[in-house]
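The sequence shown begins at 174 in the working numbering and counts up by one.
Structure record follows, encoded as structure tokens.
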Amino acid sequence: MQDKAKEMNYQPNTLASNLRTQKSNTIGIIVPHITKYFFSTAISGIEEEAHEQGFNVIICQSKDSVELEAKNINTLMSSRVDGILISPAIETSSVEHIQTAINRNIPVFFFDRHIDSISTTKVITDDRSTSKELTLHLLSQNIKRMAVLTGDQSVSIYKNRVKGAFEAFQESGYNTEDKLIMQQIHLNMDDAYRVVNEMLDNKMEFDAVFAMNDMAAIGTQKALQDRGLRVPEDVLVAGFSNELISKLVSPPITTVHQPAKEIGKMATKKMVNYIKEKDKGLIASETTVLESKLIIRASTQRDKVE
């Protein structure tokens, strides 16, 4: 029979099979921005693992809009996906749209960013400890005053990075009242460039900047250099996430490497396992923390240039 089917170029009817099993073998993916290096790399890991497991993926982006994110979830539910992997939008404070999917027995797992009020499986990195490690490195360079550029504190990753930095300040006895400038910005190159120029225009003195993602660090470095300041001789600059461009600028930027592809693969493994086993009463509420790594480059090493 199989030989005859092969001879006739028979293709199995996936829709009919899915109707019988009540499974589509499809996972929905929602990321804030497909073009960002971290998320494009994570998607690569998701697709690779999904295809190895015999699953398809549908990829959506929220553009950090909760309204678009809700539309993405409705689209994925209409497409009868078996599960949804999501890194929530910055705007996501209300979680009704996510809860709707869960209430319809569609598992929703978080990766990278997560929402504490929803108990579900998540795959993350320890932003807190690596942020602390990076901050301790900056403090070891005998800086006088640090500026920290962070994102919206309702977003888990930025909240944890700030917590890690303050743990380092406390451990080092660093006087945050007199020696710290905190700026909450849109963590992109243009906004960092604008804010750093405003700080310089307002005569704010600082000799180190911890920008809590690499694109903001690149914008910071460009602003400093355009104003005639040298990195690292005058101002240290550090980022977070190890974007490809961070090692190509001059000087290369100190950062934290996050295993984006491994995060994507692990989140997919967890999801596929749950889809296959959920009929047995498997509970989806575990946290997997993958290790990040501090990468020290020339932008924070004064001793290399003095």
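Note that beta-carbon positions come from the ideal geometry of N, C-alpha and C, so glycine has one too.
What you are looking at is a predicted structure, and each value in this text was computed from that prediction instead of being measured.
Residue interval of the beta strand (DSSP E) (run including residue i)
{"i": "Phe282", "result": "Val281 to Phe284"}
{"i": "Ala384", "result": "Ala381 to Ala384"}
{"i": "Thr349", "result": "It is not in any beta strand (DSSP E) - Thr349 instead sits in the alpha helix (DSSP H) that spans Thr349 to Lys352."}
{"i": "Ala411", "result": "Leu409 to Ala411"}
For residue i, three-class secondary structure by DSSP
{"i": "Gly201", "result": "strand"}
{"i": "Lys434", "result": "helix"}
{"i": "Val296", "result": "strand"}
{"i": "Ala178", "result": "A caution first: Ala178 carries a pLDDT of 48, below 50, which makes its placement in the model too unreliable to give a value."}
{"i": "Lys196", "result": "coil"}
{"i": "Met444", "result": "helix"}
{"i": "Gln343", "result": "helix"}
{"i": "Glu479", "result": "With a pLDDT of 39 at Glu479, under the threshold of 50, the modelled position of this residue cannot be trusted; read the value that follows with caution. Of the three classes helix, strand and coil, the one that applies to Glu479 here is coil, per DSSP."}
{"i": "Ala365", "result": "helix"}
{"i": "Leu467", "result": "strand"}
{"i": "Asn493", "result": "Shown here, the chain extends from 174 to 479; a query on residue 493 therefore has no answer."}
{"i": "Thr265", "result": "coil"}
{"i": "Val230", "result": "strand"}
The alpha helix (DSSP H) enclosing residue i, as first and last residue numbers
{"i": "Val462", "result": "Segment Thr460 to Leu463 is the beta strand (DSSP E) holding Val462; no alpha helix (DSSP H) there."}
{"i": "Val239", "result": "Val239 to Ser251"}
{"i": "Ile391", "result": "Asp387 to Asp399"}
{"i": "Leu360", "result": "From DSSP, Leu360 is part of no alpha helix (DSSP H); its letter is neither H nor E."}
{"i": "Gln272", "result": "Glu269 to Asn276"}
{"i": "Gly218", "result": "Tyr210 to Glu225"}
Beta-carbon proximity list for residue i, same chain, < 8 Å, skipping 5 on both sides
{"i": "Leu417", "result": "Tyr210"}
{"i": "Asp407", "result": "Asp380 and Leu397"}
{"i": "His206", "result": "Phe212, Gln234, Lys236 and Asp237"}
{"i": "Val254", "result": "Ser197, Thr199, Ile200, Gly201, Ile231 and Ile279"}
{"i": "Ala223", "result": "Ile200, Asn229, Val230, Thr441 and Val445"}
{"i": "Ser345", "result": "Leu309 and Leu312"}
{"i": "Arg475", "result": "Gln314, Pro405, Glu406 and Leu409"}
Nearest-angstrom beta carbon gap, residue j and residue i [assumed within contact, 8 Å]
{"i": "Ile358", "j": "Ala365", "result": "6 Å"}
{"i": "Ile219", "j": "Ala440", "result": "7 Å"}
{"i": "Gly324", "j": "Met388", "result": "Gly324 to Met388, Cβ: 11 Å. No contact."}
{"i": "Phe284", "j": "Ser252", "result": "The pair is not a contact, with the Cβ atoms about 20 Å apart (cut-off 8 Å)."}
Same chain only: Cβ atoms within 6 Å of residue i, ignoring 5 sequence neighbours per side
{"i": "Ile352", "result": "Note that residue 352 corresponds to Lys in the displayed sequence, not to Ile. Taken in chain order, the residues that qualify are Arg318."}
{"i": "Asn333", "result": "Asp300 and Arg301"}
{"i": "Ala457", "result": "Pro280, Thr293, Thr294 and Tyr447"}
{"i": "Phe342", "result": "Thr349"}
{"i": "Ile275", "result": "Val281"}
{"i": "Glu459", "result": "Thr294"}
{"i": "Ser267", "result": "none"}
{"i": "Gln356", "result": "Leu322 and Val368"}
{"i": "Lys438", "result": "Gly218 and Glu222"}
{"i": "Asn370", "result": "Ala396"}
{"i": "Lys305", "result": "Gly337, Glu340 and Ala341"}
Spatial neighbours of residue i in its chain, beta-carbon cut-off 7 Å, leaving aside the 5 residues before and after
{"i": "Glu378", "result": "Arg318"}
{"i": "Lys336", "result": "Arg301"}
Cβ-heavy atom distance, residue i to the ligand ZN, below 8 Å
{"i": "Pro405", "result": "Of ligands this structure carries none, so the ligand ZN is not represented either."}
Inset, instruction - Decide if the segment 443-453 is in contact with the segment 387-395; the criterion is three or more beta carbon pairs, one per stretch, under 8 Å apart. - result: Verdict: no, contact absent.
Legend entry - the segment 324-343 contacting the segment 281-290, beta-carbon criterion three pairs below 8 Å: Remark: three or more beta-carbon pairs, one from each stretch, lie closer than 8 Å, so the segment 324-343 and the segment 281-290 are flagged as touching.
Legend entry - Touching by the beta-carbon criterion (3+ pairs, under 8 Å), the segment 211-223 and the segment 240-251: no
Inset, instruction - Could you tell me whether the segment 230-237 touches the segment 271-287, where touching means 3 or more Cβ pairs closer than 8 Å? - result: no
Inset, instruction - Could you tell me whether the segment 243-258 touches the segment 459-472, using the rule of 3 or more Cβ pairs below 8 Å? - result: No: the two stretches stay apart, fewer than three of their Cβ pairs being nearer than 8 Å.
Inset, instruction - Flag this pair as touching only if the segment 422-439 and the segment 219-229 have three or more C-beta atom pairs under 8 Å; answer yes or no. - result: yes
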